[in-house]
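Asks:
There are 2 protein chains.
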Amino acid sequence: MKPNLRNRRDFIKATTLAAASLPFIGAWSPVVRAAESGRKLGVALVGLGSLSTNQIAPALQKTNYCKLAGIVTGTPAKAKKWKVRHNLPDNSVYSYETMEQMADNPDIDIVYVVTPNALHAEHTIKAAKAGKHVLCEKPMEVSPEKCQQMIDACKAADRMLAVGYRLHFDPNHIECIRLAREKVFGNLNMIQAEYGFRIGQKQWRLDRALSGGGPLMDVGIYALQATRYISGEEPVSVSAVATNSDPVKFKDIEESIAWQLKFPGGVIATCNTTYNFNGFDRLRAFADRGWFELAPAYGYGGIQGKRSDNKWTPIAGIDQFAVEMDDFAQCILEKRPTKVPGEEGLRDLKIMMAIYEAAKTGKTISLT
Amino acid sequence: MKPNLRNRRDFIKATTLAAASLPFIGAWSPVVRAAESGRKLGVALVGLGSLSTNQIAPALQKTNYCKLAGIVTGTPAKAKKWKVRHNLPDNSVYSYETMEQMADNPDIDIVYVVTPNALHAEHTIKAAKAGKHVLCEKPMEVSPEKCQQMIDACKAADRMLAVGYRLHFDPNHIECIRLAREKVFGNLNMIQAEYGFRIGQKQWRLDRALSGGGPLMDVGIYALQATRYISGEEPVSVSAVATNSDPVKFKDIEESIAWQLKFPGGVIATCNTTYNFNGFDRLRAFADRGWFELAPAYGYGGIQGKRSDNKWTPIAGIDQFAVEMDDFAQCILEKRPTKVPGEEGLRDLKIMMAIYEAAKTGKTISLT
């Protein structure tokens with residue numbers, strides 16, 4: 002049995018292992034420690050909401066290969082505040098209208114898109130055209146078509162595109178991938194994944210024009226992701242059922258939705274998400290001879306694992322955003338593929354559209 | 002907040018409360034303590050397998066209103082053993098061929114059918130024709146048609162018919178029903194229910210001709226039941242997905258199956274069952290302001306509850322079979338309806354057939 006991941010080296014090793022075993026992840030090229038050159042890649046944050054303020058900016062203080070090098074915001078007061086707090090030069094502060102001018106700013110290497118979902122394509126494409134690599138928050142966009150446009154734009158500009166799937170970098174999730182791939186408990190049979198919360202009022206997330214959907218797009222996507230990287234396969238069909246007890250609050254998005262996926266190897270996944278109540282935060286996988294689970298499973302920290310043989314050793318938390326950004330920077334510096342490319346975000350969007358269609362039509366939707 | 006159930010009186014009170022609030026359960030008539038007459042009703046067990054030997058016979062030692070008064074078995078060696086162990090008179094020992102002769106045995110009031118699923122109708126109808134009340138193990142039979150024949154036969158003979166849904170009598174489940182009905186955490190949103198285990202080889206349960214199906218019919222039925230008595234509603238539609246990784250062992254039954262139910266009030270239930278692995282034993286209900294769960298949830302004992310507000314008080318276990326049999330005896334003595342009548346078993350069979358159809362066709366099946 003392999004040891005659990007206790008330090009950075011083990012962690013990087015396991016990440017590589019897990020990545021190599023996933024069907025949709027390219028091989029890693031030989032590692033040249035880019036940080037040895039001394040330069041950190043400059044990151045510009047697009048959208049200065051809660052996630053940028055409370056998670057990403059603090060994470061940038063902990064990265065080895067990144068530093069905050071610019072901001073894009075539509076709110077002058079925010080621009081002023083961030084400029085002072087982070088000691089940014091005038092020419093690194095942009096509005097959404099001026100962000101193309103980044104093309105002339107060599108301090109910015111990466112643009113991290115943290116705007117509402119339906120603006121991701123616009124900001125990603127602008128960044129790519131300005132010659133920047135793009136890390137885009139999940140969900141990648143609100144439709145597969147817009148995801149494809151983002152992929153095409155980055156390809157045309159010869160820039161890398163990654164999706165902010167932070168849990169691909171969390172050692173607890175990586176340990177679960179290892180347990181599945183190494184068949185520690187035999188063949189997988191079923192996966193259960195659920196994530197949700199009771200949302201407040203007056204948020205852009207409740208506005209379909211900006212969000213593209215409800216809890217599925219926002220947090221259910223983590224459950225969907227988990228079923229894919231734990232099974233290591235792409236689902237072949239989906240059935241779903243949605244409910245809405247508060248059509249005023251949830252006027253054009255789903256309130257809760259449950260879906261079932263079938264994978265080609267025979268694994269079944271049952272997933273749930275909601276915007277109406279708290280308590281949904283679990284990932285469980287059942288194999289022939291035992292099970293493993295994370296509960297809570299999907300937060301920025303505090304993830305707890307368990308195994309049916311009681312052999313789960315607690316894993317120290319990491320700053321998921323710091324590791325995610327450092328990995329992207331290393332991919333750029335070392336010219337190796339990311340394990341969370343745009344194509345990965347596109348796949349989720351296609352599946353989520355099928356989940357909505359299944360719930361709407363009451364039909365099992367084929368994904369092949 | 003109501004106190005938890007700590008003693009028999011509280012328990013009976015709560016049972017009555019829960020029953021009265023379930024839509025499919027009739028009102029209870031005024032209670033006349035039949036045991037005061039001094040006579041216990043005689044129970045004949047049909048089928049002397051593991052359940053009769055290890056659960057029901059011991060439970061009969063603990064009942065207040067019942068006693069073992071006869072056996073029906075196809076195995077002479079078992080007949081001999083039971084006759085001696087339980088001090089049964091010669092005329093209370095029957096074979097499947099002679100069980101009609103019970104009509105002449107006034108010591109037998111109730112026939113408890115514990116044979117393989119596909120024999121329930123035959124044995125129930127014989128018992129009813131012999132003038133006996135019938136308690137039949139779950140699942141009631143292997144098709145709605147056979148369930149209906151059983152209901153009709155008991156009605157024609159003016160005998161009561163109940164299904165052995167022991168968890169309707171378990172105080173942990175009754176407490177969950179109370180939490181749901183009294184909306185202690187507000188309106189229900191979702192229910193998750195799962196029960197399964199890794200089955201051995203060479204059992205009648207693996208033979209479709211005798212079982213009528215796989216884990217759904219055997220243990221998934223408890224998860225289905227729970228979603229119905231926790232929601233207090235009848236589902237309106239179902240989607241399902243089944244898997245089979247071992248077509249030799251599970252040659253004509255499902256290995257694992259997951260299903261989703263939609264209830265008219267908007268509650269969604271996601272359920273799973275399996276014959277291929279251990280670890281499925283949970284019931285969870287999520288409401289607007291909190292959740293409650295049982296895990297393990299469905300065993301003969303050891304059920305553990307939990308509430309999101311940490312206010313679950315442990316409930317002392319009971320002998321589910323003893324309470325189930327005593328309740329049936331009291332229903333007979335007091336001429337009041339049982340909360341687990343044949344119609345309840347028929348409803349589950351109809352839903353289970355729809356679950357199989359949904360899994361087979363990939364379509365959401367309407368239940369209305």
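Protein chains in written order, with my numbering: chain P, 2 to 369; chain X, 2 to 369.
Built from N, CA and C at the ideal position, the CB exists for glycine as well.
For clarity, every value in this text was computed on a predicted model and none was experimentally measured.
#1: Is it buried or exposed for Glu358 of chain X, if we count other Cβ within 10 angstroms and need 16 for buried?
#2: Determine whether the beta carbon atoms of Ser238 of chain X and Ser367 of chain X lie at a separation below 8 angstroms.
#3: Which class does Pro216 of chain P belong to by DSSP, given the choice of helix, strand or coil?
#4: Flag Ala312 of chain P as yes if its beta-carbon sits less than 8 angstroms from any beta-carbon of chain X, otherwise no.
#5: For Thr314 of chain X, which of X:Tyr113, X:Phe293 and X:Asp320 has the nearest alpha-carbon?
#6: What is the residue span of the alpha helix (DSSP H) that Trp260 of chain P lies within?
#7: Indicate the three-state DSSP secondary structure (helix, strand or coil) for Ile316 of chain P in the structure shown.
#8: Applying a beta-carbon distance threshold of less than 8 angstroms, which residues of chain X neighbour Arg364 of chain P?
#9: Distance cutoff 8 angstroms, beta carbons only. Does Gln261 of chain X sit that close to anything in chain P?
#10: Considering only the beta carbon of each residue, do Ala241 of chain P and Ser257 of chain P sit closer than 8 angstroms?
#11: Taking the beta strand (DSSP E) that Met354 of chain P falls in, what are its first and last residues?
#12: Pairs of beta-carbons, one from the stretch 178–198 of chain P and one from the stretch 334–351 of chain P, closer than 8 angstroms: are there three or more?
#13: Please list the terminal residues of the continuous beta strand (DSSP E) segment that includes Ser196 of chain P.
#14: Quick one: Cα of Thr16 of chain X to Cα of Ala181 of chain P, how far?
#15: Is Phe278 of chain P helix, strand or coil by DSSP?
#16: By DSSP, does Thr125 of chain X sit in helix, in strand, or in coil?
#17: Quick one, which of P:Tyr166, P:Leu46 and P:Tyr113 has its alpha-carbon nearest Ala227 of chain P's?
#18: Name the chain P residues whose beta carbon is nearer than 7 angstroms to that of Ser96 of chain X?
#19: Note the first and the last residue of the continuous alpha helix (DSSP H) segment covering Leu69 of chain X.
#20: Cα separation between Val115 of chain X and Ser246 of chain P?
#21: Inspect the beta-carbon positions of Val112 of chain P and Met326 of chain P and report whether they are closer than 8 angstroms.
#22: Using a cut-off of 7 angstroms between C-beta atoms, extract the partners of Trp83 of chain X located in chain P.
#23: For a test of the three-state rule: what should DSSP assign to Phe186 of chain X, helix, strand or coil?
#24: As a quick exercise: from X:Gly346, X:Lys364, X:Thr369 and X:Lys361, pick the residue whose alpha carbon is nearest that of His1 of chain X.
#25: Using a Cβ-Cβ distance cut-off of 8 angstroms, determine whether Asn273 of chain X contacts chain C.
#26: What does Asp289 of chain X touch in chain P if you count any residue whose Cβ is under 7 angstroms from its own?
#27: Is there contact here, the stretch 189–197 of chain P with the stretch 267–277 of chain P, by at least three beta-carbon pairs under 8 angstroms?
#28: Using C-beta distances below 7 angstroms, list every residue in its chain close to Glu106 of chain P, excluding the 5 sequence neighbours before and after it, in chain order.
#29: Let me see if you follow: with CB-CB separation under 8 angstroms, is Gly306 of chain X close to chain P or not?
#30: Would you check if the distance between the CB atom of Ala163 of chain X and the CB atom of Phe329 of chain X is smaller than 8 angstroms?
#31: Can you check which of these residues, X:Val143, X:Ala119, X:Ser309 and X:Lys156, is closest to Val135 of chain X by C-alpha distance?
#32: Within its chain, find whatever has a CB closer than 7 angstroms to the CB of Lys82 of chain X; leave out the 5 residues flanking it on each side and keep chain order.
#33: Counting only beta-carbon atoms, is Met191 of chain P nearer than 8 angstroms to chain X?
#34: Count the other C-beta atoms from every protein chain shown that fall within 10 angstroms of the C-beta of Gly75 of chain P, then say buried if there are 16 or more, exposed otherwise.
#35: Note down, in chain order, each residue of its chain lying with its Cβ closer than 7 angstroms to the Cβ of Lys133 of chain P, except the 5 sequence neighbours on either side.
#36: Quick check on Asn92 of chain X - is its C-beta less than 8 angstroms from some C-beta in chain P?
Replies: Concretely, from the data shown:
#1: By the neighbour-count definition (other C-beta atoms within 10 Å, threshold 16), Glu358 of chain X is an exposed residue.
#2: Taking the C-beta atoms as reference points, Ser367 of chain X is found nearer than 8 angstroms to Ser238 of chain X.
#3: Note: Pro216 of chain P maps to helix in three-state DSSP.
#4: The amino acid occupying residue 312 of chain P in the given sequence is Lys; Ala does not appear at that position. Closer than 8 angstroms: no.
#5: Among X:Tyr113, X:Phe293 and X:Asp320, the Cα nearest to that of Thr314 of chain X is on X:Phe293.
#6: Unbroken run through Trp260 of chain P is the beta strand (DSSP E), Ser257 to Lys263; no alpha helix (DSSP H).
#7: Reduced to three states, the DSSP call for Ile316 of chain P is coil.
#8: Rather than Arg, the amino acid found at residue 364 of chain P in this sequence is Lys. Ordered by position in chain X, the residues that pass the 8 angstroms Cβ test against Lys364 of chain P are Gly363, Lys364 and Thr365.
#9: Interface residue, yes.
#10: The answer is no: Cβ separation not under 8 angstroms.
#11: Premise fails: Met354 of chain P lies in the alpha helix (DSSP H), Gly343 to Thr362, not in any beta strand (DSSP E).
#12: The stretch 178–198 of chain P makes no contact with the stretch 334–351 of chain P: fewer than 3 CB pairs, one atom from each, lie closer than 8 angstroms.
#13: Note that residue 196 of chain P is Tyr in the sequence shown here, rather than Ser. From DSSP, the beta strand (DSSP E) with Tyr196 of chain P extends over Leu189 to Gly197.
#14: Because the pLDDT of Thr16 of chain X is 44, which lies under 50, any placement of that residue in the model is unreliable, and the question is left without a value.
#15: Three-state DSSP puts Phe278 of chain P in coil, outside helix and strand.
#16: Reduced to three states, the DSSP call for Thr125 of chain X is helix.
#17: Nearest C-alpha to Ala227 of chain P: P:Tyr166.
#18: Contact note: Ser96 of chain X does not reach chain P at a C-beta cutoff of 7 angstroms; the least C-beta distance is about 41 angstroms.
#19: Counting along the chain, Leu69 of chain X sits inside no alpha helix (DSSP H); it lies in the beta strand (DSSP E) bounded by residues Cys67 to Val73.
#20: Cα to Cα, the separation comes out at about 43 angstroms.
#21: Inclusion of Val112 of chain P and Met326 of chain P in the CB contact set at 8 angstroms is not warranted, their separation being larger than that value.
#22: Neighbours of Trp83 of chain X across chain P, judged by C-beta separation under 7 angstroms, do not exist; the nearest C-beta is about 37 angstroms away.
#23: Looking at Phe186 of chain X - three-state DSSP - the assignment turns out to be coil, as it is neither helix nor strand.
#24: Since the first residue of chain X shown is 2 and the last is 369, residue 1 of chain X is not available in this structure.
#25: Structure shown: chain C not included; protein chains present are P and X.
#26: Within chain P, the residues near Asp289 of chain X are Asn277 and Phe278.
#27: Under the three-pair Cβ rule at 8 angstroms, the stretch 189–197 of chain P counts as touching the stretch 267–277 of chain P.
#28: Glu is not the amino acid found at residue 106 of chain P; the sequence shown has Asn there. Excluding positions up to five away in sequence, the list reads Gly71, Asn92 and Ser93.
#29: By this cut-off, Gly306 of chain X is not an interface position.
#30: It is a contact, given that the beta carbons lie within the stated cut-off.
#31: Residue X:Lys156 is the option with its Cα nearest to Val135 of chain X.
#32: Around Lys82 of chain X: no qualifying Cβ.
#33: By the rule that beta-carbons nearer than 8 angstroms mark a contact, Met191 of chain P touches chain X.
#34: The residue is exposed, with fewer than 16 neighbouring Cβ atoms inside 10 Å.
#35: Within its own chain, the residues whose Cβ lies closer than 7 angstroms to the Cβ of Lys133 of chain P, once the five positions on either side in sequence are excluded, are Met103, Ile109, Asp110, Ile111, Val112 and Arg160, listed in chain order.
#36: Residue-level contact by beta carbon fails for Asn92 of chain X and chain P, as no gap is shorter than 8 angstroms.
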